[in-house]
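Sequence order for the protein chains is Y and E.
For what it's worth, full-length UniProt numbering labels the leading residue of the first sequence as 1, then goes sequentially.
For what it's worth, full-length UniProt numbering labels the leading residue of the second sequence as 1, then goes sequentially.
Ideal Cβ positions, reconstructed from N, Cα and C, are used throughout, including at glycine.
Remember, predicted model here, so these are calculated numbers, not experimental data.
A short write-up of the structure that comes next.
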Amino acid sequence: MRYALALLAAASPALAAVQELWWNLTYVENANPDGLAPRRVIGVNGTWPPPLMDVSQDDLLILHTTNSLDLPATMHHHGMFFNSTSWFDGALGVSQCGIPTGQSFDYIVPINSSGQWGSYWTHAHSNGQYVDGLRTSLVIHPTQEAHQYDEEFTVILGDWYHDEHSVLINQFINIANPGGAEPIPDAALVYFGQNGTYLPPITGRNPDPVTAAVGFNENATLPFQPGKTYRLRIVNTSAFAAFFFWIDGHDMRIIEADGIDTEEYATDIISITVAQRYSVLVTARNDTSANWAIHANMDTVMFDTVPDTLQPNITSSVSYALGAPLTDSGFIDNYHDIADQDLVPVQVIPQLPPATKTFELEVSFDTMDDGTNHAMFNLLTYNTPLVPSVLSQMTLGTNATDQNAYGPYSFVLDHNDIYDIVVKNSDTGKHPFHLHGHKFQLIGRAQDYTSTDPTLNPPLVEGQANPMKRDTVQVPSMNSVTLRIAADNPGVWMFHCHIEWHLEVGLAVLFIEAPIEAQERNAVPQYLIDQCASQNIATSGNAAAHSDPDDLVGLPAGPFPQILGWRPKGIGAMAGCVLTAVIGMLTVTWYALGGHISDAEMEHEERIAAEAKERRGRFLGLAKVFKRS
Amino acid sequence: MVNVFSVPIFFIVFRETLEASIIVSVLLSLVEQIVHEDTSRAVSLITDEKREDGRPPELAVGEPGSPEVSPPELLSEQDALLAKKRLIKKMRIQIFAGSGLGLFIALAIGAAFIAVWFTKASDLWAKSEELWEGIFSLVAAVIIFIMGVTMLKMDRAKAKWRVKLQRAFEGKHVGAGANAGRWVLFVLPLITVLREGMEAVVFVGGVSLGQSARSIPLAAVVGLICGVVCGFLIYAFASRTTITIFLVVMTNLILLIGAGLFSKAIGDFQENAFNDLLGADVDDTGGDGPGSYDVRGNVWHIDCCNPENNFDGDGWNIFNAIFGWTNSASIGTVLGYVFYWVAAVAVLIYLKFVEGRTKLLGRESAAGVRRRQRAALQHDSEGGSVDKE
């Protein structure tokens, strides 16, 4: 039966070259996927989780999105190129102004012309709405798969909060949180899909009614049949947490990362950071005597604390037979990253020629001059420009090539030039960096970019035959990565940390790619401009809505790194302190000297005082022990 | 260094010891004077001993209202001199015995007090250290303020105690139940030393709560020794002018410390409030630099030189103990420091005015009027200065 459905699903995309989806973004009350706490989530068409997206390589995907939320929303198809149509990229404030409440926006995702297939995902790129649940997987089936397998499943991993994003972000960007401790997830979720449909809970389990159609965590299972080979598409849709994923009793072979098919690469564990995807081949066991645990453990290294109430390690199962005993080998402690630069793409593309320009971006976090913690690239924190950069690019004419026009966190790329982006992570945490509109070549990695030791900080190697490509790369602390791109996609592309909290404290830059060519291909839909206007957002001019490209008056900026040391007010205050102390000491001297009282006079005064005291009565003397006379 | 030597405690002990030793010195010189001037009255001061010796009770004179006492038999000039010397020696023994006992009791109470605080009560402030440190710094600042201002009057200790002693010899009550005649030379230093000692205990207690236990003993002992030595030196060699200069320097030091402590108290309260804001789970605070302090109201923050840094804070914590240095100052701590001094200035001006030693805006205090009138009187009757000094 399932096999027949799969056949049908596999066959159907070929029938329709245009896949249209109508999504109404809605709040869904009392969703309780982890069984711990019901909460309001953001779903689609009144349901949560949002529908899985399952299309073919030759499809044109159109997502008709209506926003029924109370804040502007956007949808971002993570990893899609949107070649020369970056206004459909869905980055709020960069590629559009957001869909106002009650309005609609049609996202045209030209999959059929982008040459992309594999595992992707779709999520809100606005106001942290994906943290509240607006996220799902996007699977693109090629006409010819590079690897052979019998069946496939999508494994969706995600961290889960019991508070809404709006609450958490206020706690996070707060003077009470100078260390910038990110909101710690309350739970982890794993759930499965197949051919665009979620797998239901294990028969006999009674999960929460709102999400009753979907099995989560221990209520979910992957039905395996002996001898078959399965492809698991693992997607980490977290806001914050990276995951370690493995299946007891089963080996895994990586065959795809971020939409790039790779040669088989055996691994015992998948370490997958936020927004990354891996496909693995898993061959089923030949015995059906036991079911096996699937482990998805959140990487708690980035968590400020691990509260007692948090179970960071969740399990699901691979089931061969209903009711068979579950084999759970428990915790493993040999967590390790995947050496993703060692992955070999199936489609051989040599390293791009040496870069004409290299952008060095050093990541840092600090408590800023307003007392809140922010992230910075090169000591500059990102702020959303007043005019979406795509519209600046389109409306500035020849001034559009002026890098200043887009704000200090922007870089203009010339058409078809080669660029290197070197990300240096000076922070103590590991960060997943995502470049919109491109797949970068991962051509260099250093374990310590400050080192002079070539094993820790190797020089860049040119002429690599077939470097790995992906769209989201993890950069551990003190590591650097070198990412090479060809500026062949006119538009505006964001480069940012995909930890939602870090994006919102400014860990982002913009690449303004081939502005003149972008203008030549300008087809910004009128409804995009109208939606800006309806929110009183300017639709032309530079980042600060001025026609003079270099006039950035009014552009949001800061907060800025604190300047410590002796600044004018400190010097003034110190001088004031010293001055009063000197005056005080002079007064002491003045008091002691001058107006001399002779010993005889003193004795006279003491005598008067003593007699006066005596007259007051003796009982007062009791208190005198502790009283100065 | 401040870890093993608390500067405020040194100054408190030093000051109290100094006062006690000055008083004891005054007593010592006074008895000598009295013996030479009026042997019979001097004898009366140790009558109790004589009673124990079985001497006739009629020698126990010196009761209130009996100014005339029959002197003991005087055999010869030499004998009299010898007797006087013996008498002085006996009196000195009494004085030292009294001081010694007073010191012992004070030390015992002090040790017990501090032991109880540090063993039983230390849990009390472990949780919110900044709050307690702030409270104790505030208490210490107030104590030091009073101490500093009153210290300036210590050059009057001689006059004061001369009056007290004379009144005691005259049979008047001398404070805490020391009746004249009997044991006065024992009781008076005992009470004095005990009183100064108790003050020191209370002050040390008040100040020490913000300090580590091991910073107290050394400071207290050094303060004790310095106080005794300075007391002796002042008594033996110094003129009143020298004492005054000495007291001015000491008071300035003490007020500097006090202003620093007051400022620190405010800083501690603010830090406590900031820590409350951050919540118990946040462990990102501490140290220097961004995130370690509240940017609101901050006036200066230097990314080093933290006096509370136990690892490389040497020098800066002494700077802190004496001048109230902090690497992170707020409007509150700066204003606290300034207003402490303003208060000191105001009090000193007021005191000098009340004592009749200065006019304020052309007005004279009651004491000032009295002094002027007396000076005029003396001028009229004697036609010159009466200053015996």
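Give, in chain order, every residue of the segment 45–56 of chain Y whose Cβ lies closer than 7 angstroms to some Cβ of chain E.
Along the segment 45–56 of chain Y, there is no position whose C-beta sits under 7 angstroms from a C-beta of chain E.
Do Y/Cys97 and Y/Ile537 come within 8 angstroms of each other at the CB atom, strictly closer than that value?
The answer is yes: Cβ separation under 8 angstroms.
Report yes or no: do three or more beta-carbon pairs, one from the segment 328–346 of chain Y and one from the segment 482–496 of chain Y, lie closer than 8 angstroms?
Per the Cβ contact rule, the segment 328–346 of chain Y is not in contact with the segment 482–496 of chain Y (fewer than 3 Cβ pairs under 8 angstroms).
If the cut is a Cβ gap below 9 angstroms, which residues of chain Y does E/Ile349 touch?
Within chain Y, the residues near E/Ile349 are Thr587, Trp590, Tyr591.
Secondary structure of Y/Asp340, DSSP reduced to three states
Y/Asp340 falls in the helix class under three-state DSSP.
Taking three-plus beta-carbon pairs below 8 angstroms as touching, is the segment 184–193 of chain Y in contact with the segment 288–295 of chain E?
In the pairwise beta carbon analysis, the segment 184–193 of chain Y is classified as not touching the segment 288–295 of chain E: fewer than three pairs are separated by under 8 angstroms.
Please check if any C-beta of chain Y sits within less than 8 angstroms of the C-beta of E/His301.
It does; some Cβ of chain Y falls within 8 angstroms.
Pairs of beta-carbons, one from the segment 249–268 of chain Y and one from the segment 466–475 of chain Y, closer than 8 angstroms: are there three or more?
As far as the Cβ criterion goes, the segment 249–268 of chain Y touches the segment 466–475 of chain Y, which means the pair count is three or higher.
Could you check the C-alpha separation between Y/Ala446 and Y/Met252 for me, to the nearest Å?
Approximately 27 angstroms, taken between the alpha carbons.
How many Å lie between E/Ala376 and E/Ala366 at the Cα?
Distance between the alpha carbons of E/Ala376 and E/Ala366 is about 15 angstroms.
Comparing the CB of E/Arg214 with every heavy atom of the ligand HEM, is any distance shorter than 7 angstroms?
The ligand HEM is not part of this structure, which contains no ligands at all.
Which residues in chain E sit within 8 angstroms of Y/Ala375, going by Cβ to Cβ distance?
Residues of chain E with a Cβ closer than 8 angstroms to the Cβ of Y/Ala375 do not exist, since the nearest Cβ in that chain sits about 13 angstroms away.
Starting from E/Trp341, find everything on chain Y with Cβ-Cβ shorter than 8 angstroms and list it in chain order.
Result: Thr580, Ala581, Ile583, Gly584.
Proximal residues of chain Y, C-beta to C-beta of E/Asp268 below 9 angstroms
Neighbours of E/Asp268 on chain Y: none; closest Cβ ~18 angstroms, over 9 angstroms.
Rounded straight-line distance, which links the Cα of Y/His604 to that of E/Gln378
Answer to the nearest angstrom: the Cα atoms are 13 angstroms apart.
Minimum Cβ-Cβ distance from E/Asn320 to chain Y less than 8 angstroms:
The C-beta of E/Asn320 comes no closer than 8 angstroms to any C-beta of chain Y.
If you draw a straight line from the C-alpha of Y/Ser477 to the C-alpha of E/Val334, how long is it?
If I take the Cα positions, the gap works out to 39 angstroms.
Span of the beta strand (DSSP E) around E/Asp268:
In the DSSP assignment, E/Asp268 falls outside any beta strand (DSSP E) and lies within the alpha helix (DSSP H) extending over 240–278.
Measure from the C-beta of Y/Lys569 to each C-beta in chain E and report whether the shortest distance is under 8 angstroms.
Output row for Y/Lys569: interface = yes.
Compute the Euclidean distance between the alpha carbons of E/Gly362 and E/Gly368, then round it to the nearest angstrom.
Approximately 12 angstroms, taken between the alpha carbons.
Per DSSP, Y/Thr47 forms a beta bridge with which residues?
In the DSSP output, where bridge partners are listed per residue, Y/Thr47 has Y/Val44.
Report the option in Y/Phe377, Y/Ser410, Y/Leu507 whose CA atom is closest to the CA atom of Y/Trp493.
Among Y/Phe377, Y/Ser410, Y/Leu507, the Cα nearest to that of Y/Trp493 belongs to Y/Ser410.
Verify the CB distance criterion: does E/Thr326 have a CB-CB separation below 8 angstroms to chain Y?
So, not an interface residue.
How long is the line joining the alpha carbons of Y/Ala126 and Y/Glu182, rounded to whole angstroms?
A small correction: the amino acid at residue 126 of chain Y is Ser; Ala does not occupy that position in the sequence shown. Spanning the two alpha carbons is a distance of roughly 18 angstroms.
By Cβ distance, which residues of its chain are closer than 7 angstroms to E/Phe186, with the 5 residues on each side in sequence left out?
Only Gln94, Ala97, Gly98 meet the Cβ criterion.
Y/Ile418 - partner residues in DSSP beta bridges
For Y/Ile418, the beta-bridge partners assigned by DSSP are Y/Ala486.
Limits of the beta strand (DSSP E) - the one that Y/Leu494 falls within
Sequence check: residue 494 of chain Y is Met here, not Leu. Its beta strand (DSSP E) spans residues 491–497.
Residue range of the alpha helix (DSSP H) that E/Ile88 falls in?
Unbroken alpha helix (DSSP H) run through E/Ile88: 77–116.
Among Y/Pro385, Y/Leu579, Y/Glu517, which has the Cα closest to the Cα of Y/Ala557?
When each option's Cα is compared against that of Y/Ala557, the closest is Y/Pro385.
Identify the contact partners of Y/Asp369 in chain E, using a Cβ-Cβ distance below 9 angstroms as the criterion.
Close to Y/Asp369, with beta-carbon spacing below 9 angstroms, are these residues of chain E in chain order: Pro290, Val295.
Proximal chain E residues relative to Y/Trp501, where beta-carbon distance stays under 8 angstroms
For Y/Trp501, no chain E residue has a C-beta closer than 8 angstroms to its own C-beta; the minimum C-beta separation is roughly 15 angstroms.
Give a yes or no on whether the minimum CB-CB distance between Y/Asp366 and chain E is below 8 angstroms.
True, the Cβ-Cβ gap to chain E drops below 8 angstroms.
Grab the span of the beta strand (DSSP E) containing E/Glu133 for me, first residue to last.
Not the beta strand (DSSP E): E/Glu133 falls in the alpha helix (DSSP H), residues 129–151.
Exposure of E/Val195, with buried meaning 16 or more beta-carbon neighbours within 10 Å:
According to the sequence displayed, residue 195 of chain E carries Arg and not Val. Classification of E/Arg195: buried, given that the 10 Å Cβ count is 16 or more.
Does any residue of chain Y bring its CB to less than 8 angstroms from the CB of E/Asn252?
A Cβ of chain Y is located within less than 8 angstroms of the beta carbon of E/Asn252.
Nearest to Y/Ile418 (by Cα), restricted to the options Y/Ala487, Y/Ala339, Y/Lys424, Y/Lys569
That would be Y/Ala487, whose Cα lies nearest to the Cα of Y/Ile418.
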